[in-house]
Amino acid sequence: MASLEDLSPEEQARILKLRLERAERAQLDAEVALEGRMRELDRANTELSQRESELAKKLDVESRKLLAAQSTAQMATIYGEKGKPFTASEGAGVLLGLPDHEEGTLEKLIAAIHPLDKDRILRVGVEFFTTLKSGIDHEFEHRIIRLDDGSTRWLRWVIRRETGVDDRPSAVFGTVRDITRSRANERAVRALQLRAERRVAELNKLSQQLAEEQAKTAEALTARTQFLSEMAHAIRTPLNSLTGGLELVADELAGKSQDFEVVRDAADQLAEIASKLIEQADTGEFQAIDVQLDPVSERSNEIGHPPPAPKVLLAEDTESNRYVIERLLNSIGCEATTVTNGVEAVEAARAASFDVILMDVMMPIMDGEQATQAIRAMTGPASRTPIIGVTAHSLQAERERLLSAGMTACLSKPIRREELETAIKTAMIGREAVLPLAARFDHELFQRAFFDLPKAYRDRMRDAAKKDISDYGEEVLRAAKSKDNEALSRAAHSLKGVSLNVGAVGIVEELSRYRETLAKDPGFSSASLRREIASSLLAFDDLYGALVSEN
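The numbering of the sequence shown is the working numbering, which starts it at 1410 and goes up by one.
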């Protein structure tokens, strides 16, 4: 290629002109690009300045929030680097009680430390910088005396020491907080806990003492009940022989000998006094005894309706009582078989059929309660034989226990012919009533009374209903006999309620008829009501087994 010098001047001028034009265009393009870049840099710088301003404002807001939070929490932060003084947040001045806007420094903080804590804190401070491990938080507590009011406050420090690495210097940073109130609260809570622990200990001690006293009371009550039972048995057993013997000769001597009438009245008074003494001993309330004898009732002939010569098993260990009761049974038309203890009674009930069992409660080898339970546990008709308990103890608690054990009724010694005759008559009628549908029940109501309950409670409900019917029935008859209209009304209301609950409509109807007739004729017989109550009670278990247990 030829050099520029080899060309003609005109050609050289043309080429140089072209080069100049290209250079000018390149310069112009560069200037345009540079101007655009400068505009971009200016815009970026403006945006950066704006962001810096916004961040500064935001940082200022957050700093004020942090300082406000520290003030609210009564705390401050500290920071220090190696070779530089420590700095603290505004909260330090508040903690120390400095005037507003006066900076809280480490020196002022050290000066405010309580004299009793200063040596310890200075020693701990030396350990913090020399021996305590770095990189973890350490906690310290001490008191200060505020500079404004001289009050004592508690501070808690959480402080950490970081070892310097490369170009980063070692530093110390942490927080300090006023814990005076929380410390007081902790002490108050602890005091309450200690007081509560003492109260609990006292209550436990009192509960233990109460349990011990209850055990002693229960033991004393058991001993008293046992004593009363034994004393009642000791008093009423010979008394039963006396009154029973008088009953046997009453027909022959009544009206013929004034001496006999005096003796019989004296025996009646003695029996009534013994009963009241035993009853008052059970309640612990002794009152003057006013003895009023009722006229001797005319013997009933209503026992002639059952089959002739009812078979009665008599279990009695005392020979004189056994003789008297056997004679009384014979005098009212019963055929008596006698045994002397509970074991013999169970064996006799298993070996032969009896219409009624007359069971003394206190007997050797096996007592009457145990014998009753053994008979009720048998299979077949023997288990349903009516059992009349004979007890020297007329207390309600013993009566309830005997009925719960399976006895049909209870007689208290001394036994009178009228009471014995009525009890056997009721039992005989009730024994016939165990046949299906003999007792009048509404089967739907009967089932509903039990099906509304969980199965686990049905047996308990059955026993409670039987007991209530028996107890309220006796209260009705007793109130009617004593002509206590108020007591009769209460007892009748209770008997009607429990009877309706289990569907015993026969009792409700007989009770209503009995009360209506009794209001017109005070001497009206209670035989129909007794018969319905007895038949309902004796039919109860069979009805329960057929309608409830098997469903």
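Positions of the beta carbon are idealized from the N, C-alpha and C atoms, including for glycine.
Beta-carbon proximity of residue i to residue j, cut-off 7 Å
{"i": "A1900", "j": "A1888", "result": "yes"}
{"i": "I1519", "j": "H1551", "result": "no"}
{"i": "A1754", "j": "V1721", "result": "no"}
{"i": "L1886", "j": "S1935", "result": "yes"}
{"i": "H1523", "j": "I1487", "result": "no"}
{"i": "E1735", "j": "T1727", "result": "no"}
{"i": "G1912", "j": "L1956", "result": "no"}
{"i": "L1820", "j": "A1832", "result": "yes"}
{"i": "A1485", "j": "G1500", "result": "yes"}
{"i": "G1513", "j": "G1502", "result": "yes"}
{"i": "L1427", "j": "Q1421", "result": "no"}
{"i": "N1739", "j": "P1773", "result": "no"}
{"i": "T1788", "j": "F1763", "result": "no"}
Straight-line Cα distance separating residue j from residue i
{"i": "V1574", "j": "A1580", "result": "11 Å"}
{"i": "I1784", "j": "V1765", "result": "12 Å"}
{"i": "L1601", "j": "R1562", "result": "23 Å"}
{"i": "L1723", "j": "L1812", "result": "18 Å"}
{"i": "S1498", "j": "E1449", "result": "41 Å"}
{"i": "G1583", "j": "V1567", "result": "5 Å"}
{"i": "D1950", "j": "K1892", "result": "33 Å"}
{"i": "A1943", "j": "K1834", "result": "10 Å"}
{"i": "D1861", "j": "K1905", "result": "20 Å"}
{"i": "S1898", "j": "A1758", "result": "40 Å"}
{"i": "G1506", "j": "T1539", "result": "31 Å"}
{"i": "D1668", "j": "R1940", "result": "In this predicted model, D1668 has a pLDDT of only 49, less than 50, meaning its place in the structure is not dependable enough to derive any value."}
{"i": "A1791", "j": "P1823", "result": "28 Å"}
{"i": "A1624", "j": "L1615", "result": "14 Å"}
{"i": "V1917", "j": "L1909", "result": "7 Å"}
{"i": "G1954", "j": "Q1856", "result": "11 Å"}
{"i": "I1741", "j": "K1876", "result": "29 Å"}
{"i": "S1937", "j": "H1802", "result": "29 Å"}
{"i": "L1429", "j": "R1423", "result": "10 Å"}
{"i": "A1948", "j": "Y1732", "result": "33 Å"}
{"i": "E1622", "j": "E1628", "result": "10 Å"}
{"i": "D1851", "j": "A1858", "result": "11 Å"}
{"i": "P1931", "j": "A1760", "result": "45 Å"}
{"i": "E1828", "j": "G1815", "result": "20 Å"}
{"i": "E1433", "j": "D1451", "result": "27 Å"}
{"i": "E1536", "j": "E1490", "result": "18 Å"}
{"i": "A1818", "j": "L1603", "result": "59 Å"}
{"i": "K1890", "j": "A1865", "result": "39 Å"}
{"i": "R1599", "j": "A1610", "result": "16 Å"}
{"i": "C1743", "j": "S1729", "result": "19 Å"}
{"i": "E1456", "j": "S1462", "result": "10 Å"}
Cβ distance (whole Å) where residue i is taken to contact residue j below 8 Å
{"i": "I1878", "j": "L1946", "result": "6 Å"}
{"i": "P1719", "j": "M1837", "result": "6 Å"}
{"i": "T1781", "j": "M1771", "result": "Their Cβ separation, rounded to whole angstroms, is 13 Å, which puts T1781 and M1771 out of contact at 8 Å."}
{"i": "L1504", "j": "Q1483", "result": "7 Å"}
{"i": "R1825", "j": "V1914", "result": "With a Cβ gap of about 33 Å, R1825 and V1914 do not count as contacting."}
{"i": "R1565", "j": "R1586", "result": "5 Å"}
{"i": "S1903", "j": "Y1923", "result": "With 8 Å as the limit, S1903 and Y1923 do not qualify as a contact, their Cβ atoms being about 15 Å apart."}
For residue i, the residue or residues it bridges with in DSSP
{"i": "I1766", "result": "L1722 and I1796"}
{"i": "D1546", "result": "R1569"}
{"i": "I1553", "result": "I1522 and R1562"}
{"i": "A1745", "result": "V1721"}
{"i": "V1755", "result": "Beta-bridge pairing links V1755 to no other residue."}
{"i": "Y1488", "result": "T1496 and F1582"}
{"i": "L1425", "result": "Answer is none; L1425 lacks a bridge partner."}
{"i": "R1608", "result": "In the DSSP output, where bridge partners are listed per residue, R1608 has none listed."}
{"i": "R1577", "result": "V1574"}
{"i": "S1821", "result": "T1800"}
{"i": "D1587", "result": "L1564"}
Test: residue i CB closer than 7 Å to a CB of chain C
{"i": "R1599", "result": "In summary, chain C is missing from the structure at hand, where a single protein chain is found."}
Residue i CB to nearest heavy atom of the ligand GDP below 6 Å
{"i": "P1719", "result": "This structure simply doesn't include the ligand GDP, nor any ligand for that matter."}
Worksheet item: Does the region 1589-1604 come close enough to the region 1537-1544 to have 3 or more Cβ pairs within less than 8 Å?
Response: no
Item to complete: Flag this pair as touching only if the region 1765-1781 and the region 1790-1799 have three or more C-beta atom pairs under 8 Å; answer yes or no.
Response: yes
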